[in-house]
Amino acid sequence: MSGARLSDLSKGDRGLIKAIAPEGHDGPGEIGHDELERRLLEMGFVEGAQFQILHEGLVGRDPIALKLDDMRVALRRREARAVLVERV
Amino acid sequence: MSEAVLPTRVALVGNPNSGKTALFNALTGSRQKVANYAGVTVERKEGMVTTPGGLRVSVLDLPGTYSLRARSPDEVVTRDVVLGRFAGEAPPDIVVCVADATNLRLVLRLVLELKAVGQPMLLVLNMYDIAQRQGIRIDIEGLSRELGVPVVTTVAVRKRGLEDLLAQVDALVAMDRPRAASLWHEPSAAEIRQSHRDAERMLRAHVKPPLRPDTFTGKMDAVLLHPVGGTVILMLILFLMFQAVFSWATPMMDAIDASFVWLGQAVAAYVPDGLLRSFLADGLIAGVGSVVVFLPQILILFFFIILLEDFGYMARAAFLMDRLMGVAGLHGRAFIPLLSSFACAIPGIMAARVIDNKRDRLTTIMVAPLTTCSARIPVYTLIIAAFIPDRVVWGFASMQGLVMFGLYAAGISSALIVAFVIRKLIWRSATEPFLIELPAYKVPDPKNVARGVLQRGEAFLKRAGTTIASMMVLIWFLSSFPGAPMGATQPAIDYSFAGMLGHALQPLMAPIGFTWQMVVALIPGMAAREVAVAALGTVYAVGGQDDTGGLAATLSQQWPLATALSFLAWYVFAPQCMSTLAVVRRETGRWLWPVIMFVYMVALAYGAAFLVYRIALAMGA
Ligand SMILES: Nc1nc2c(ncn2[C@@H]2O[C@H](COP(=O)(O)OP(=O)(O)O)[C@@H](O)[C@H]2O)c(=O)[nH]1
Numbered sequence: 190m191s192g193a194r195l196s197d198l199s200k201g202d203r204g205l206i207k208a209i210a211p212e213g214h215d216g217p218g219e220i221g222h223d224e225l226e227r228r229l230l231e232m233g234f235v236e237g238a239q240f241q242i243l244h245e246g247l248v249g250r251d252p253i254a255l256k257l258d259d260m261r262v263a264l265r266r267r268e269a270r271a272v273l274v275e276r277v
Numbered sequence: 010m011s012e013a014v015l016p017t018r019v020a021l022v023g024n025p026n027s028g029k030t031a032l033f034n035a036l037t038g039s040r041q042k043v044a045n046y047a048g049v050t051v052e053r054k055e056g057m058v059t060t061p062g063g064l065r066v067s068v069l070d071l072p073g074t075y076s077l078r079a080r081s082p083d084e085v086v087t088r089d090v091v092l093g094r095f096a097g098e099a100p101p102d103i104v105v106c107v108a109d110a111t112n113l114r115l116v117l118r119l120v121l122e123l124k125a126v127g128q129p130m131l132l133v134l135n136m137y138d139i140a141q142r143q144g145i146r147i148d149i150e151g152l153s154r155e156l157g158v159p160v161v162t163t164v165a166v167r168k169r170g171l172e173d174l175l176a177q178v179d180a181l182v183a184m185d186r187p188r189a190a191s192l193w194h195e196p197s198a199a200e201i202r203q204s205h206r207d208a209e210r211m212l213r214a215h216v217k218p219p220l221r222p223d224t225f226t227g228k229m230d231a232v233l234l235h236p237v238g239g240t241v242i243l244m245l246i247l248f249l250m251f252q253a254v255f256s257w258a259t260p261m262m263d264a265i266d267a268s269f270v271w272l273g274q275a276v277a278a279y280v281p282d283g284l285l286r287s288f289l290a291d292g293l294i295a296g297v298g299s300v301v302v303f304l305p306q307i308l309i310l311f312f313f314i315i316l317l318e319d320f321g322y323m324a325r326a327a328f329l330m331d332r333l334m335g336v337a338g339l340h341g342r343a344f345i346p347l348l349s350s351f352a353c354a355i356p357g358i359m360a361a362r363v364i365d366n367k368r369d370r371l372t373t374i375m376v377a378p379l380t381t382c383s384a385r386i387p388v389y390t391l392i393i394a395a396f397i398p399d400r401v402v403w404g405f406a407s408m409q410g411l412v413m414f415g416l417y418a419a420g421i422s423s424a425l426i427v428a429f430v431i432r433k434l435i436w437r438s439a440t441e442p443f444l445i446e447l448p449a450y451k452v453p454d455p456k457n458v459a460r461g462v463l464q465r466g467e468a469f470l471k472r473a474g475t476t477i478a479s480m481m482v483l484i485w486f487l488s489s490f491p492g493a494p495m496g497a498t499q500p501a502i503d504y505s506f507a508g509m510l511g512h513a514l515q516p517l518m519a520p521i522g523f524t525w526q527m528v529v530a531l532i533p534g535m536a537a538r539e540v541a542v543a544a545l546g547t548v549y550a551v552g553g554q555d556d557t558g559g560l561a562a563t564l565s566q567q568w569p570l571a572t573a574l575s576f577l578a579w580y581v582f583a584p585q586c587m588s589t590l591a592v593v594r595r596e597t598g599r600w601l602w603p604v605i606m607f608v609y610m611v612a613l614a615y616g617a618a619f620l621v622y623r624i625a626l627a628m629g630a
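Those sequence lines, one after another, are chains V and Z.
The first sequence begins at 190 in this note's numbering and counts up one residue at a time.
The second sequence begins at 10 in this note's numbering and counts up one residue at a time.
Written out as C-alpha cells, the structure reads:
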C-alpha cells in the first residue's frame, strides 16, 4: 500500500517514509512549508527512514509517538500530515 | 593587575539529552558561573578546567540543539556564539560536540553542519557505558577518519574519559591550525537531506547496531504513555509533587519565617524605638525574609522537575498534556510551568524556560500568576471563614469547600482563557509545531540533580532577591512615612503615604464596594498576597496579627457580604505580588512585560469584582 499520510495511520502501523510534502501550513500564523519540511528533516523524518507508531494521545488520538529508525519522537497529527509514507 | 594569558575557550554543543549538562558538571565541578547572556534571558553557564598539558580552559555550555538553524531564543544563542556573531562573546577556540553514543544519527548530521563553521572541533561520544551495555560497536578510528575530527568516548556521570577529552583539547591547541573561514549558511531542505545521507553512510560503515537493544524504555512507555493509564499516572505524580511541596515546605517556611521574626525582634531589642528600628526590623529584615521564605518551595519544586527531566519523563508529560494545552493555544511543554504556579507563580515563571517558542513562553509567563498560588490561601480562608456559612449543601459538600473550589476553578480557567485570547486572537502568528524527541529513560544522577536544584535556588536569591528586597523596602517606606502625629486616633498606617494613596484611590474602588480601609490594606498587600491578612489586621487595628479568628469576626461585622465576595473576586485576578512582577522582569529582561501583566490583571480584577459586587447587591446580599 502506498500514498498514505503519517497522520492517517494508527497505533501499531509501520512503514517507510517516502517524502516530506507539507500542505496547509502556509496560512498567516503558520511557520511555512519550507520551515516545517526542514524541521521534520532535522528530527529524522527523512526519506527511507523506518517507523512504527507506538502510542496515541487520549483526545482525538493526538499527538502520536513513534519509533523512527532507532529513536523515539512525538508530533501532532497536524504536522504528521506533511509526511508521506508507505506502509509495510 | 598583570595581563594573564587568556584561557582557551571551549564551547559544548550537542542535541538535547546527550548528557551535555552532566559532562559540563563533570569537567568544571564547582568552578562554574551561571549568569544570563547580555540582552536575552538565556542562561549562560561557564566553568574553568585545567588540561593535563597545563592549559587553562574556559568551558561554555551552550543550549542543546539539532541544528545551527536556530528556531528558539536558546538556539539563536548557540548559533551566534558558535559563529562568533554574538556581541560581547568571543568566538570559541574549539567546538566540542557532545553526542549520545546510543543515538548518533541526528548528531552526526549536526557535526557535518558544525564542520562547515571551520573551527577546530572534537566529537565526544558520551553515555559510552550505555552503548557498551547495549553492545553497540563503534569504530572510533574509522568515524574519526571519515569525519576528519578527533573522537573520544566519555561517561559523564562516572567522570570517565575526561582526561582523554582534555588531552585532545591540548593536541588541537598545539596544532595551532589557523581557523578556516566559515562556509556555514542556513542549509536548505536539499542540503539537510544530503547531510542525512552522508551521516547514514557513516553510521552503516562504522557503527554496528546494538546486540542488546534497550527494551526498558519501550516497556516503561507502554505504561507511562498509555492514553488513560499514563494520564492517571501523570496526575498521581503531580498530586504527590504538590503534597510534597506543601507538606515538606511548610515546616521549612515556618522556620524561616520564625527566624526572621526572631531576627527582627533581636534587632528591635538593641536598636532604640524609632525610624531606624522600624527600617531594620519591618523594612529590611521583613523584606529579605519575604524573599527567602519562598526558597523551600522553589527548591522542592525544582527537585521534582529536574528529577523528572533527567529521568526522561518531562517529554512524556508534554506528550500527554499537549492536546489540553493546545485548546488554549499553548504547547504541551507549557503544562509544567503552569502547574508549578499552583504552588507559587515564581518557580512556575522560572520553569517556563523549557518552552522554546518565544511567544508561547511569554504567554505562559503572562498567565502563570492567574493560577491559584498558595499565597492566596490565607486570604481565601480568612474571607471564607468570615462570610461563608459552614453548611453542608446537596447533602455531602461543604459550602466553604465549594467556594474554595470555585476560586481555584476561576483561577485555572481564566489562565487558559487569557492564554487562548493571547495566542488565538492577539498573537496569531506561528503556531508552534509540537515535534519533540522522547529520550530513553535513564537513572538520574544524584549529584547532577543536586547541582541543578542549588543553581535554581541561587539564581532566585541572586537575581530576583535584590529586586524583591528593594521593593519591600519601598513598600515599608510608603506604609511608614510620614509617621502618625501626636495624639493620633487611627492606626499609624492611616497617616502614611500608603494611607493617603488609599484614601485617594478609594473613590475609584467604591464601585466595587471597597471601603477605604481595604484600599489602604491593598498597598502593603502588594508585598505578597498573604500580607493582606496582616495589613487588614493593622488597618482595622485588631490586636495581634496572627489572630485571624478575631479579624474574621471584625470583618464579618464591618463588611457587607457583597463587599466580601467582591474582595475574593479581586484576589482571584489582582497582581498583588511584587515578587512575581520582579521575576517576570528578570525572566523577560524588560519592564514592558510586568507592566502589561499588572495592567491586564488589575483590569480583570476590577471587572470581576465589579460584576460580583453588582450581582450580589442585585440579589440582595
Ligand atoms: N549512564 C549515563 N548517563 C548519563 C551520562 N551522561 C548523562 N547521563 C544522564 O543522562 C540524563 C540527561 O543528561 P543531561 O546532562 O541533563 O543532558 P542534556 O539535556 O544534554 O544537558 C541525566 O539523567 C544524566 O544523569 C553518561 O555518560 N552515562
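Even glycine gets a Cβ: it sits at the ideal position worked out from N, Cα and C.
Rounded distance between the beta-carbons of residue j and residue i, thought under 8 Å
i: T380/Z; j: S422/Z; result: Not quite, the Cβ-Cβ distance comes to about 10 Å (not below 8 Å), so this is no contact.
i: G338/Z; j: F269/Z; result: Between F269/Z and G338/Z the Cβ distance is about 41 Å, and since that is not below 8 Å, they are no contact.
i: V120/Z; j: L156/Z; result: 6 Å
i: P100/Z; j: D83/Z; result: Contact flag wrong, Cβ pair sits at about 18 Å.
i: A271/V; j: L229/V; result: 6 Å
i: I149/Z; j: T162/Z; result: 7 Å
i: F444/Z; j: A326/Z; result: Sequence check: residue 444/Z is Leu here, not Phe. Going by Cβ atoms, the distance from L444/Z to A326/Z rounds to 16 Å, so no, they are not a contact pair.
Proximity to residue i [Cα-Cα], best of the options
i: T475/Z; options: L545/Z, V297/Z and R142/Z; result: V297/Z
i: Q374/Z; options: R385/Z, I345/Z and A35/Z; result: Contrary to the premise, residue 374/Z reads as Ile rather than Gln in this sequence. Comparing Cα-Cα distances from I374/Z to each of R385/Z, I345/Z and A35/Z, the minimum goes to I345/Z.
i: T111/Z; options: R261/V, R267/V and V274/V; result: R261/V
i: D223/Z; options: Q515/Z, V548/Z, P448/Z and H512/Z; result: P448/Z
i: L371/Z; options: V427/Z, L510/Z, F405/Z and A326/Z; result: V427/Z
i: A493/Z; options: L284/Z, F313/Z and D70/Z; result: L284/Z
i: N45/Z; options: M244/Z, F469/Z and I149/Z; result: F469/Z
i: D454/Z; options: E55/Z, A31/Z, R18/Z and A96/Z; result: A31/Z
i: Y519/Z; options: V482/Z, G144/Z and F576/Z; result: According to the sequence as given, residue 519/Z is Ala; it is not Tyr. Selected option, being the one with the closest Cα: F576/Z.
i: I484/Z; options: L411/Z, Y322/Z and S588/Z; result: S588/Z
i: L310/Z; options: T37/Z, M250/Z and L123/Z; result: M250/Z
i: P61/Z; options: S197/Z, M130/Z, D230/Z and A180/Z; result: A180/Z
i: A591/Z; options: G511/Z, L626/Z, L514/Z and K471/Z; result: K471/Z
i: S39/Z; options: L64/Z, L463/Z and G534/Z; result: L463/Z
i: L391/Z; options: L517/Z, L113/Z and M413/Z; result: M413/Z
i: R482/Z; options: V14/Z, E52/Z, H194/Z and S287/Z; result: The sequence shown places Val at residue 482/Z, not Arg. Comparing Cα-Cα distances from V482/Z to each of V14/Z, E52/Z, H194/Z and S287/Z, the minimum goes to S287/Z.
i: K456/Z; options: D319/Z, M509/Z and Y450/Z; result: D319/Z
i: P196/Z; options: L205/V, G246/V, E226/V and V248/V; result: E226/V
i: I209/V; options: V235/V, E219/V and S199/V; result: V235/V
i: Q499/Z; options: I201/Z, W525/Z, I435/Z and E52/Z; result: W525/Z
i: G633/Z; options: I201/Z, V160/Z, Q306/Z and A343/Z; result: No information on residue 633/Z is available, as it lies outside the stretch 10 to 630 that chain Z covers here.
i: I563/Z; options: T572/Z, Y549/Z and A573/Z; result: Checking the sequence shown, residue 563/Z turns out to be Thr, not Ile. Closest option to T563/Z, Cα to Cα, is Y549/Z.
i: A501/Z; options: A277/Z, C353/Z and V529/Z; result: V529/Z
i: R169/Z; options: I431/Z, D138/Z, V116/Z and A459/Z; result: D138/Z
i: P260/Z; options: V376/Z, M211/Z and L304/Z; result: L304/Z
Original post:
So does the region 504 to 522 of chain Z actually touch the region 481 to 493 of chain Z, counting three or more Cβ pairs closer than 8 Å?
Top reply: yes
Original post:
Can you list the alpha helix (DSSP H) stretches of 4 or more residues lying completely in the region 286 to 364 of chain Z, in chain order?
Top reply: 295 to 301, 304 to 320, 323 to 336, 344 to 349 and 354 to 360
**OP:** With a floor of 3 residues, list each beta strand (DSSP E) that falls wholly inside the region 13 to 42 of chain Z, ordered by position along the chain.
**Re:** 17 to 23
Subject >> Sufficient close CB pairs (3 or more, under 8 Å) joining the region 183 to 198 of chain Z to the region 153 to 171 of chain Z >> reply: no
Original post:
Between the region 595 to 615 of chain Z and the region 396 to 406 of chain Z, do at least 3 Cβ pairs fall closer than 8 Å?
Top reply: no
Original post:
Quick one: any contact between the region 580 to 590 of chain Z and the region 610 to 621 of chain Z, if contact means 3 or more CB pairs under 8 Å?
Top reply: yes
Subject >> Within the region 54 to 135 of chain Z, ranges of the beta strand (DSSP E) (whole runs, at least 3 residues) >> reply: 65 to 70, 103 to 109 and 130 to 135
Subject >> Given 8 Å, three or more beta-carbon pairs between the region 537 to 546 of chain Z and the region 349 to 366 of chain Z >> reply: no
Original post:
Per the contact definition of three or more C-beta pairs closer than 8 Å, is the region 168 to 178 of chain Z in contact with the region 234 to 246 of chain Z?
Top reply: no
Original post:
Are there three or more Cβ pairs, one per stretch, closer than 8 Å when the region 122 to 131 of chain Z is compared with the region 75 to 95 of chain Z?
Top reply: yes
Original post:
Do the region 245 to 258 of chain V and the region 15 to 32 of chain Z meet, that is, are 3 or more Cβ pairs less than 8 Å apart?
Top reply: no
Original post:
Any chance the region 88 to 106 of chain Z sits against the region 194 to 205 of chain V, with 3 or more Cβ pairs inside 8 Å?
Top reply: no
Original post:
For the region 509 to 534 of chain Z, which segments carrying the beta strand (DSSP E) assignment without a break, of at least 3 residues, lie completely within its bounds, in sequence order?
Top reply: none
Original post:
Which full runs of the beta strand (DSSP E) of 3+ residues lie inside the region 147 to 191 of chain Z, going along the chain?
Top reply: 160 to 162
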